Structure formats: structure tokens, C-alpha cells
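Protein chains: 2
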Amino acid sequence: MGVKGKEGKVGRRVTSKEVAAALGVSPATVSNAYNRPDQLSPLLREKVFEAARELGYAGPDPVARSLRRRRVGAVGVLYSDRLSYAFADPAAVEFFEGVSVATEEAGLGMLLLPGSARGARDPEAVGNAVVDGFVIYCMADDDPLVDVVLERRLPVVLVDHPGVEDVPYVGIDDEGAAAAAAEHLIGLGHRRLGVVSFELTRQMTGGLADLSRPERATFGPSRARLRGYASAIRQAGLPVSEVPVYECAESTREEGRVAAEALLGMESRPTALLCMSDQLAFGVLEAARDLGLSVPGDLSVVGFDDVAEAGRTSPPLTTVHQSHVEKGLLAGRILVARLGEDEPPEAGLLPTRLIERGSTAPPG
Amino acid sequence: MGVKGKEGKVGRRVTSKEVAAALGVSPATVSNAYNRPDQLSPLLREKVFEAARELGYAGPDPVARSLRRRRVGAVGVLYSDRLSYAFADPAAVEFFEGVSVATEEAGLGMLLLPGSARGARDPEAVGNAVVDGFVIYCMADDDPLVDVVLERRLPVVLVDHPGVEDVPYVGIDDEGAAAAAAEHLIGLGHRRLGVVSFELTRQMTGGLADLSRPERATFGPSRARLRGYASAIRQAGLPVSEVPVYECAESTREEGRVAAEALLGMESRPTALLCMSDQLAFGVLEAARDLGLSVPGDLSVVGFDDVAEAGRTSPPLTTVHQSHVEKGLLAGRILVARLGEDEPPEAGLLPTRLIERGSTAPPG
DNA sequence: TCGTTTTACTTAATCGTTTCAGTAATGTAC
DNA sequence: GTACATTACTGAAACGATTAAGTAAAACGA
Numbered sequence: 044m045g046v047k048g049k050e051g052k053v054g055r056r057v058t059s060k061e062v063a064a065a066l067g068v069s070p071a072t073v074s075n076a077y078n079r080p081d082q083l084s085p086l087l088r089e090k091v092f093e094a095a096r097e098l099g100y101a102g103p104d105p106v107a108r109s110l111r112r113r114r115v116g117a118v119g120v121l122y123s124d125r126l127s128y129a130f131a132d133p134a135a136v137e138f139f140e141g142v143s144v145a146t147e148e149a150g151l152g153m154l155l156l157p158g159s160a161r162g163a164r165d166p167e168a169v170g171n172a173v174v175d176g177f178v179i180y181c182m183a184d185d186d187p188l189v190d191v192v193l194e195r196r197l198p199v200v201l202v203d204h205p206g207v208e209d210v211p212y213v214g215i216d217d218e219g220a221a222a223a224a225a226e227h228l229i230g231l232g233h234r235r236l237g238v239v240s241f242e243l244t245r246q247m248t249g250g251l252a253d254l255s256r257p258e259r260a261t262f263g264p265s266r267a268r269l270r271g272y273a274s275a276i277r278q279a280g281l282p283v284s285e286v287p288v289y290e291c292a293e294s295t296r297e298e299g300r301v302a303a304e305a306l307l308g309m310e311s312r313p314t315a316l317l318c319m320s321d322q323l324a325f326g327v328l329e330a331a332r333d334l335g336l337s338v339p340g341d342l343s344v345v346g347f348d349d350v351a352e353a354g355r356t357s358p359p360l361t362t363v364h365q366s367h368v369e370k371g372l373l374a375g376r377i378l379v380a381r382l383g384e385d386e387p388p389e390a391g392l393l394p395t396r397l398i399e400r401g402s403t404a405p406p407g
Numbered sequence: 044m045g046v047k048g049k050e051g052k053v054g055r056r057v058t059s060k061e062v063a064a065a066l067g068v069s070p071a072t073v074s075n076a077y078n079r080p081d082q083l084s085p086l087l088r089e090k091v092f093e094a095a096r097e098l099g100y101a102g103p104d105p106v107a108r109s110l111r112r113r114r115v116g117a118v119g120v121l122y123s124d125r126l127s128y129a130f131a132d133p134a135a136v137e138f139f140e141g142v143s144v145a146t147e148e149a150g151l152g153m154l155l156l157p158g159s160a161r162g163a164r165d166p167e168a169v170g171n172a173v174v175d176g177f178v179i180y181c182m183a184d185d186d187p188l189v190d191v192v193l194e195r196r197l198p199v200v201l202v203d204h205p206g207v208e209d210v211p212y213v214g215i216d217d218e219g220a221a222a223a224a225a226e227h228l229i230g231l232g233h234r235r236l237g238v239v240s241f242e243l244t245r246q247m248t249g250g251l252a253d254l255s256r257p258e259r260a261t262f263g264p265s266r267a268r269l270r271g272y273a274s275a276i277r278q279a280g281l282p283v284s285e286v287p288v289y290e291c292a293e294s295t296r297e298e299g300r301v302a303a304e305a306l307l308g309m310e311s312r313p314t315a316l317l318c319m320s321d322q323l324a325f326g327v328l329e330a331a332r333d334l335g336l337s338v339p340g341d342l343s344v345v346g347f348d349d350v351a352e353a354g355r356t357s358p359p360l361t362t363v364h365q366s367h368v369e370k371g372l373l374a375g376r377i378l379v380a381r382l383g384e385d386e387p388p389e390a391g392l393l394p395t396r397l398i399e400r401g402s403t404a405p406p407g
């Protein structure tokens, strides 16, 4: 016996059949003891539990039970990239948080699965995932794993990835939100803008581009945001093709710094930067500080997401608010409802709004 | 057909038997087509895939396959509380990140499971979790779910929860690290200390206590840290029983604020506060600012964990560094190795060290 | 040409439950 | 005392695969 009577030997599997044999009853009875107490006498039920305890039977095997019941008790969450990347991104973490609330409400587990982006080891993990349904989050339009999931014919909810028939879609109006961010800067009087963007294509290496061909982006929200920035800029009569876009391989502070250094080192330095995420914007803020530029005096910065830390930077970040928690919660609730026979909440677009904090001001 | 030929109807389950029947072959052959290509002719294999595509068979059912193979392809991560709480705690998120690296290396999924703390809906989720092994993270000593997991006799790794025989344990020297934090403050000349603590017992409601009876804490690391603080203070010849301890229900900024307000409102105000987590310390920093106290001029603050944001607050936080990512990675790797026949890396204590930043100084 | 391998499948057992359809035994109604 | 429920179990068929062992046919060596 271990401390407190616990011990953790990994042991031979004990089956219900063995428990039944030890007691001279049928396996059905053992099953009933665990699943339908009304089907046997309380006395026998106790005996079953006692025999189980003695033999080291911890209750019905979850896999066999799942097979028979055709229900696993877990949902899969498919993320575009390595999970270690997701965990480093506050927006993704907030999304997971929302999903977890829904799964916990339903007593379900949450199986996190990495997508097929760089460094994916084993796409089979998705096809083999033991789950009752999927939330597909943040996947590139052309990621083959989306099809792998759809082919399994399980209930699915898509997030930030519209356009698959018969699959509920949860997202935001990325284009409108991005346009609002750009309009804000233009309204303040900025004329020389720059964009700090997510990666546009799979093979990107990072670097400069311009705003003239947003359609090539393979990731839906990136495309929409680029379109939003472009349309607001065009609306204002500014030359879209002259707006520099720096493409970042990842949504991290480091990439944001690199982007800012590139953009702010240009001959005609932008007076304001539109960032596709708060993480990128945080990096921009750091870079600006290092370059001796004051924000918002010398440079205005707008983020996207409004993660918790956006209110705490100095200056606090002007950004597009969206609730990642709500997004995950809604996606999770829709999926959970589809797993049962419940009427799912309505899928659709969640609201966004521009939060004006301290990182934007008229150009100096 | 949907857009791009995709569609997401949730459909009747198609079995290998049906595919076999459609082709007039045995189910074994269909299985071989997917699992052992060398067992059938390439031609027939192609035919199997074609028939599968036509019938909408997406490959072997993961549950049935898992039952037969006695292997699921996922590990469970059991967390003490609601997952939404874990996702709000950077330390837990960093830990998950580490685990995810290990699971991805092995091509495994990661099933997150909430523990039985307040608000737990369904303890059965743990007993029914379809996984090959468990990482038990951050559980209270008396949490019944630990036993539920151990009884399943699967490979398990315990984190921050020592003392179960035959189960590898990963952690840090909480007592020593806490002592180092207290010694740092004492060395600076502080004599009136206060502690901002995690919850000590399950039924706590938050509030003031003192350092004299650390043994009552039900959560191992809390107990050890309290002991560490106490021993350093005793060593310095200061009266341990006069050190106020504020017990926080959760490791959040808000609780940290509340704690700081209580502690700093006392008749003989502490000149330095020892916080059991960076999250709590962040709250303390906020409260100090609101109270018009300068840190470290009027108040020194020491955190615990060294999460990423600790380097970015103003002033940057002096704290005890531990690598949650490494902790998760090590725990994950040990578990993964135990699932196979590999020799697991050695379990044990990870290093910590005090990081002196700007939040501590001699008392004013 | 005969015996031996090899190739290409099939048969049937098995993984560990759940559950439908019984069947005796006991209880209740009149 | 007969008819009808109710209680307390059992038997056997799923659930959807994998796999060891077996078999017939084709290929091969000498």
C-alpha cells in the first residue's frame, strides 16, 4: 500500500466478465450494477461493487462502452497549428476557454488536436480522434484536415472559416471590423498607413507586400481584414497600392517587432500601423519604444482582438474588440446541442467594436 | 455539392462490413487496405478506397479500432478546477503548452478534463475518459478524482502532487523556492512581511489568517510555500505568528487586489508582500498603484512562477522563476514514454531561481 | 514435374461492453 | 386457486473493427 493507501501500479486490465465470474452472475448483471441499479437487488449490487474492488475492476471500460453506446463523451477542437502555438496566443486561449465552458456544461471532455501546419507530425490523429464531434477553429481554407474531419460525418461547427454547406459557422465581420479600424485612423488624419499582417500564403517567408491583392490570402479572416483595410483606404481616396503590408509568419510579439522595424525603417515612414492582432500590436509597441518613437505621438497603433492585456499596455491599445470567449462558447454550445437532440443556438456573426484607448491620436 | 465540393451533412455511420459487401470481399480485406497494404494487391486496395469513397466510409471507426488495438491515441490532462479557470491562468496555460509539445511529438491528442472543484458537473467524465494515460496536474491532496484515475491502472504522471507510490512525480522545491523569496525580502531589510496565499482549505471564504499553521493547507504546493516562507522568517528571528496571511479563493488579479487592500489596510502596514503566484502579485501591483503606494518605494512585492508578463509590468516583477513549459514537457514525455516501451526520462524536481527585477527594494 | 514458397485472400475469434428479449420465481388481485 | 404483474436475473446478439491462422491458387526452383 502506498501513502494514504493509494498506489499507482499500472495493471492488467480487469473485465466485467471476470467480476461476473467471481460472483457467479452474468456480465449483464455487472453492467446493470453500474448502469441501471433498478435492474438488480441492492444487495447484489453491493456485492458486485465489492467484488469489483477486490479484483481491481474500476468500472466499465470507456472504450468498449463508447463503442456500444455510440457515444464517447468528448468533443475535438481542431486548431490550425501546433498547440504550443495556440497556447502562446491569448486569443486562442480565450477561445478554448469559451469552448470549455460549453463542454463542461455538458459533462464532456475537450480533445485538443493540432492541425497540419508546419511541423505537424501526424495528420492521422485527426482521423483517429475518439470524439463525438468537432469544433474547427482557425483553419486555413485549403487545409486538408478540414476535409478529413468533414468526411467523418460527425457534427461539426466551423469557426472563422465560412462556406461549407450544412455546417454551422461562427465568426465575426472581419471585413467590417478592419474597415472600422482603418477609418478610425483616417478620421484622425493619418495618410501614411501601414499594415502588419498575418501570413498570407502557406509558403510565405515573411516580408513586405502591398494592399493591392488581398484575395491571395489563404486564411479567410486575413483576406477579409485586408479587404476591409483596403476598402476604407480606397474610400478615403488614398492610393491602396502604396500601403505597405508586412507579412508575419506567426501572430507573436516578436514578429510584430520585426514587422514594425521593417515598416518604420521605410523612406516615407507610416504614421499609423494597422495590426491584425493584438499580439502583433504589442510587438509594434515594443519596437516603437526601442526606436525612440512615442505612441501615439509619433506613431498610432491599432490592434485586433482586444485580448485582456490590451488594456494594460502603455499606452493602452486601441483595438477592435471581439469576444473570443463568446465565440468559443457559442461554437461549443452549438456543437453540444447538435450532439443531443436539442435545438442549437443560432450560429452566425458575433459583434465587434472599436475600442479607442491610448495608442491612437492625430499624426504629430 | 457544397462550395468547393465540401459538405457537412452528418450521416449514418458506414462500416467496413458494408464496404466489404459492396465489393464482395471480406471485412478483413478492407481492414488490410487501411492498415497493411502489403496484405493485398494494389489494385484491390484501390478498389476498396473507391468503394469507400462512394459509400461515404471515412476509414475505420476510431472507437472500434481503439477497442481492438487497446490503444486510443490520446492522453488525459486532469486539472483541479474548471478549465475556464485554467485557461485564465498563464501558469496553467504554459504547462499545457509543455504537455502539448510532448503529445504532438508522439502524435497523440490531449484531452483536457476538469477536476472536481467548485462547479464540477460530472466527475464521471474522468472515469469515462477515453485515453491511454493521464497527467494529473495541480490537484488538491484530497481530491477524489485522483483515486478515480489511479484505479483505472493506466500510466499516470503526477505534477505538483507528490506521495503516491509507483507514480512518477514532477514538481519543484516549493518550500526552498518560497524560502528564497522570503530571504530576499528579509535580506533587503524588510521586517513587516505579509503573505498573499492560495486558498488553504476547501471551504475557505477568503480572508485573513497567519503563518503559524501551514500544515492545514490541502494543496501540496501551498503548504510547502507557506512552510518555506515561515522557515525563512523564523530563521531571521522574526515572529512568524505575526505575519498576516491573506487567503485568496483563486489565483487571479482580482483576488490579489482584494488581498492587497486588506493587508495594506492593517494598522501596522507590511512593507513587503510575498505572493504565491504572479497573478496575485499583478493584482497587488494594481492595488498599490490605486492606493498611491509606490512599488518598490513604499512596498516591495515578490511573485511566484515568472510567467511571461512578469517581465512586462511596471515595475517588472521580482519573482521565483519556474518553467511551467518544462514541467509540462517533462510530465508529458514521461507519460508518453510509459505508454510505449521506451525508457522514460527521469522524473523529479525542476530547478527554480529568484529573479530580481524592479518590484523589490529596501524598505523606504 | 513435383515440392516449396509466395501471394492474395478468407474465416473466425476477440476486444469489453450494453441491451433486447427472454425466463423463472415471487407477489398481488379477486 | 387461477390469472396477471412485478422482480431479479440470464443468454446472446450487437457495436465495428483487428489479427492469427488457414487455404487455395499462382509462382518458383531444380
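For the record, the sequence lines run as chains A and B.
Sequential numbering from 44 applies to the first sequence in the numbering used here.
Sequential numbering from 44 applies to the second sequence in the numbering used here.
Note that beta-carbon positions come from the ideal geometry of N, C-alpha and C, so glycine has one too.
None of the values given here were measured: they were computed from a predicted structure.
7 angstroms Cβ cut-off: residues of chain B touching residue i
i: PRO198(A); result: VAL53
i: ARG235(A); result: Neighbours of ARG235(A) on chain B: none; closest Cβ ~29 angstroms, over 7 angstroms.
Listed by chain order, chain A residues near residue i by CB distance under 7 angstroms
i: PHE139(B); result: PHE130
i: ALA107(B); result: LEU110
i: PRO157(B); result: GLU147
Nearest to residue i (by Cα), restricted to the options the options
i: SER311(B); options: ARG235(B), PRO406(B), ASP209(B), SER127(B); result: ARG235(B)
i: VAL350(B); options: THR361(B), MET153(B), VAL106(B), GLU89(B); result: THR361(B)
i: ARG305(A); options: MET319(A), ARG296(A), VAL288(A); result: The question names Arg, but residue 305(A) is Ala in the sequence shown. Checking every option, the nearest Cα to that of ALA305(A) belongs to VAL288(A).
i: LEU397(B); options: ASP216(B), GLY99(B), ALA134(B); result: ASP216(B)
i: ASP348(A); options: LYS370(A), LEU334(A), ALA331(A); result: LYS370(A)
i: VAL68(B); options: VAL91(B), ARG56(B), ARG381(B); result: VAL91(B)
i: LEU244(B); options: LEU228(B), GLY230(B), ARG256(B), THR261(B); result: Residue 244(B) is actually Thr in this sequence, not Leu. The option with the nearest alpha carbon to THR244(B) is THR261(B).
i: LEU317(A); options: LEU197(A), ILE229(A), VAL106(A), SER143(A); result: ILE229(A)
i: LEU126(A); options: ARG108(B), ARG111(B), GLY116(B), MET153(B); result: MET153(B)
i: ALA315(B); options: ARG296(B), GLY407(B), LEU334(B); result: GLY407(B)
i: MET319(A); options: ALA302(A), MET309(A), LEU307(A); result: ALA302(A)
Chain B residues whose Cβ lies nearer than 9 angstroms to that of residue i
i: GLY298(A); result: It should be pointed out that residue 298(A) corresponds to Glu in this sequence rather than to Gly. In chain order: nothing, as chain B lies at least about 15 angstroms away.
Straight-line Cα distance separating residue j from residue i
i: GLU167(B); j: THR146(A); result: 14 angstroms
i: PHE130(A); j: THR72(A); result: 45 angstroms
i: GLY158(B); j: LEU188(B); result: 7 angstroms
i: ALA63(A); j: ASN171(B); result: 20 angstroms
i: SER123(B); j: LEU336(A); result: 45 angstroms
i: ARG376(B); j: PRO394(B); result: 18 angstroms
i: LYS47(A); j: ALA324(B); result: Its pLDDT being 46, under 50, LYS47(A) is placed unreliably in this model, and the value from its coordinates should be taken loosely. C-alpha separation (whole angstroms): 34 angstroms.
i: LEU151(B); j: GLU208(A); result: 30 angstroms
i: ARG113(B); j: TYR128(B); result: 33 angstroms
i: MET44(A); j: PRO359(A); result: Confidence is the limiting factor: at MET44(A) the pLDDT is only 35, short of 50, which leaves the residue's position unreliable, though a coordinate-based value still follows. MET44(A) and PRO359(A): Cα-Cα distance of roughly 56 angstroms.
i: ALA225(A); j: ALA404(A); result: 13 angstroms
i: GLY401(B); j: GLY354(B); result: 9 angstroms
i: ALA65(A); j: LEU392(B); result: 43 angstroms
i: ARG332(A); j: VAL338(A); result: 8 angstroms
i: PRO103(B); j: CYS291(B); result: 49 angstroms
i: VAL200(B); j: SER366(B); result: 17 angstroms
i: ASP259(A); j: HIS364(A); result: Per the sequence presented here, residue 259(A) reads as Arg, with Asp not at that position. Approximately 26 angstroms between the Cα atoms of the pair.
Inter-residue CB distance, residue i and residue j (contact presumed, cutoff 8 angstroms)
i: VAL239(A); j: VAL327(A); result: 6 angstroms
i: ASP253(A); j: SER284(A); result: 5 angstroms
i: VAL120(B); j: TYR180(B); result: 6 angstroms
i: VAL210(A); j: GLY51(B); result: 3 angstroms
Within chain B, partners of residue i - CB distance below 8 angstroms
i: ALA117(A); result: LEU154, ALA172, VAL173
i: VAL136(A); result: PHE130, VAL136
Neighbouring residues, chain A, relative to residue i (Cβ below 9 angstroms)
i: ARG125(B); result: SER143, VAL144, GLU147
Quick one: which residues of the region 169-187 of chain B get their C-beta closer than 7 angstroms to a C-beta of chain A? List them in chain order.
-> Residues of the region 169-187 of chain B with a C-beta less than 7 angstroms from any C-beta of chain A: GLY170, ASN171, ALA172, VAL173, listed in chain order.
> Which residues, taken in chain order from the region 200-231 of chain B, show a beta carbon closer than 7 angstroms to some beta carbon of chain A?
Replying inline: Only those residues of the region 200-231 of chain B whose C-beta falls short of 7 angstroms from the nearest C-beta of chain A are listed: GLY206, VAL207, GLU208, ASP209, VAL210.
**Item:** Residues in the region 70-103 of chain B having any Cβ partner in chain A nearer than 8 angstroms
**Value:** Residues of the region 70-103 of chain B with a C-beta less than 8 angstroms from any C-beta of chain A: GLY99, ALA101, GLY102, listed in chain order.
Review point. Going along the chain, which residues of the region 364-383 of chain A sit with their C-beta nearer than 9 angstroms to a C-beta in chain B?
Key: Within the region 364-383 of chain A, the qualifying residues are VAL368, ARG381.
For this session: Report the residues of the region 312-344 of chain A with a CB closer than 7 angstroms to any CB of chain B, ordered along the chain.
Result: Flagged: no residues at all.
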